[in-house]
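S.K.: Counting with the working numbering, you get residues 462 to 664 for the letters of the sequence shown. One structure, pasted below without further comment.
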Amino acid sequence: MIIKVCGMREEANVREVEQLGADWMGFIFYPKSPRYVGKTLAYLPKSVKKVGVFVNEDTDRLLTLAEKNRLDILQLHGDESPELCKALQEKDFLVIKAFGITTEKPFPSELTERYEDCCDYFLFDTHTDLYGGSGRKFGWEILLDYQGGTPFLLSGGISPEDVEEVKRFSHPKCVGIDLNSGFEISPAVKNIQLLQRFISAFR
Numbered sequence: 462m463i464i465k466v467c468g469m470r471e472e473a474n475v476r477e478v479e480q481l482g483a484d485w486m487g488f489i490f491y492p493k494s495p496r497y498v499g500k501t502l503a504y505l506p507k508s509v510k511k512v513g514v515f516v517n518e519d520t521d522r523l524l525t526l527a528e529k530n531r532l533d534i535l536q537l538h539g540d541e542s543p544e545l546c547k548a549l550q551e552k553d554f555l556v557i558k559a560f561g562i563t564t565e566k567p568f569p570s571e572l573t574e575r576y577e578d579c580c581d582y583f584l585f586d587t588h589t590d591l592y593g594g595s596g597r598k599f600g601w602e603i604l605l606d607y608q609g610g611t612p613f614l615l616s617g618g619i620s621p622e623d624v625e626e627v628k629r630f631s632h633p634k635c636v637g638i639d640l641n642s643g644f645e646i647s648p649a650v651k652n653i654q655l656l657q658r659f660i661s662a663f664r
């Protein structure tokens, strides 16, 4: 199970989370996010994969930020095309395409199918107008309608109280979870004790 802690920014907090055993750490390069990191990370963690989160970013600027901050994985949270995803893969980045999910509509199979051959992972988050980070959950049972071949991470309002529910969730393509606002003291500052207990339940 891949454990990704997203929305990191502050150097001391990044260093603390790095010691907890998370696999990936996410940094948001979307200026409208309260967890926006700016142009340069204060500290580049060494023992985790660094994920840069972008929303409809200019391609040249995206690549500049990715190289400057030595990102391993690029998470695209907007309306980025399959062609862009493929181009980023060809530059040796792993690519995650995020999709906003709501139980008020059928699972968007036609949309996800367009990205099957150009993404390494999908991320299924709660649909919002703010491109994630809402702290709201969606009904995970809708993901049982996902029949694609791309592995995915479960996201969307996961909190410390959800340990058992996450453990019960079963899908052959679910390979990880994405933790963010449910573990925060304030935007971009994670509660180390809560994260430690949660991560320990999966190690």
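For each residue, glycine too, the CB sits at the ideal point set by N, CA and C. Every value quoted in this text rests on a predicted model; they were computed, and no experiment measured them.
State the Cα-Cα distance for the pair residue 599 and residue 569, rounded to the nearest angstrom.
M.R.: Within the sequence shown, the letter at position 138 stands for residue 599. Within the sequence shown, the letter at position 108 stands for residue 569. Whole-angstrom Cα-Cα distance: 14 Å.
S.K.: Who are the Cβ neighbours of residue 609 in its own chain at under 8 Å, not counting the five residues just before and after it?
M.R.: Residue numbering aside, residue 609 sits at position 148 when the sequence shown is read from its first letter. Contacts found: 570, 573, 574, 577, 583, 634.
S.K.: Does the distance from the C-beta atom of residue 534 to that of residue 552 stay below 8 Å?
M.R.: As a position in the sequence shown, residue 534 is number 73, starting the count at 1. As a position in the sequence shown, residue 552 is number 91, starting the count at 1. Going by C-beta atoms, residue 534 is not nearer than 8 Å to residue 552.
S.K.: How about residue 538 and residue 562: do their beta carbons lie closer than 8 Å?
M.R.: Against the sequence shown, residue 538 aligns to sequence position 77. Against the sequence shown, residue 562 aligns to sequence position 101. No. Outside cutoff.
S.K.: What did DSSP end up calling residue 473 once you bin it into helix, strand or coil?
M.R.: The count along the sequence shown starts at 1 and reaches residue 473 at position 12. Residue state, collapsed to three classes: helix.
S.K.: Based on the DSSP output, what are the partners of residue 613 in its beta bridges?
M.R.: By 1-based counting over the sequence shown, the position of residue 613 is 152. 583, 635, per the DSSP bridge assignment.
S.K.: Taking just the CA atoms, how far does residue 472 sit from residue 520?
M.R.: As a working mapping, residue 520 is identified with position 59 in the sequence shown. As a working mapping, residue 472 is identified with position 11 in the sequence shown. Whole-angstrom Cα-Cα distance: 27 Å.
S.K.: So, does the region 609–623 touch the region 638–652, judging by three or more C-beta pairs under 8 Å?
M.R.: Short answer: they touch.
S.K.: Using CA coordinates, which residue listed in 579, 525, 523 is at the minimum distance from residue 550?
M.R.: In the sequence shown, counting from the first residue as 1, residue 550 sits at position 89. Closest option to residue 550, Cα to Cα, is 579.
S.K.: Can you check whether the CB of residue 656 is closer than 8 Å to the CB of residue 478?
M.R.: Translated into positions along the sequence shown, residue 478 becomes position 17. Translated into positions along the sequence shown, residue 656 becomes position 195. Contact: yes.
S.K.: Throw me the rounded Cβ distance for the residue 512 and residue 465 pair, which I believe falls under 8 Å.
M.R.: Translated into positions along the sequence shown, residue 512 becomes position 51. Translated into positions along the sequence shown, residue 465 becomes position 4. About 7 Å; that satisfies the 8 Å criterion.
S.K.: Going by CA-CA distance only, name the one from 518, 474, 659 that's closest to residue 493.
M.R.: Numbered from 1 along the sequence shown, position 32 holds the residue referred to as residue 493. Comparing Cα positions, the closest option is 518.
S.K.: Quickly, what does DSSP pair residue 559 with across the bridge? List them, please.
M.R.: Numbered from 1 along the sequence shown, position 98 holds the residue referred to as residue 559. DSSP, once it has assigned bridges, lists 584 as partnering residue 559.
S.K.: What would DSSP say about residue 505, mapped onto helix, strand or coil?
M.R.: Position 44 of the sequence shown, counted from the start, is the residue given in the question as residue 505. Coil.
S.K.: Could you pull the DSSP bridge partners for residue 463 from this structure?
M.R.: Position 2 of the sequence shown holds residue 463. Answer is 637, bridged to residue 463.
S.K.: Using the Cβ count rule (16 or more neighbours within 10 Å means buried), how would you classify residue 525?
M.R.: If you number the sequence shown from 1, residue 525 lands on position 64. Classification for residue 525: exposed.
S.K.: According to DSSP, simplified to helix, strand and coil, what is residue 499?
M.R.: Working through the sequence shown from its first residue, we reach residue 499 at position 38. Residue 499: coil per DSSP, three-state reduction.
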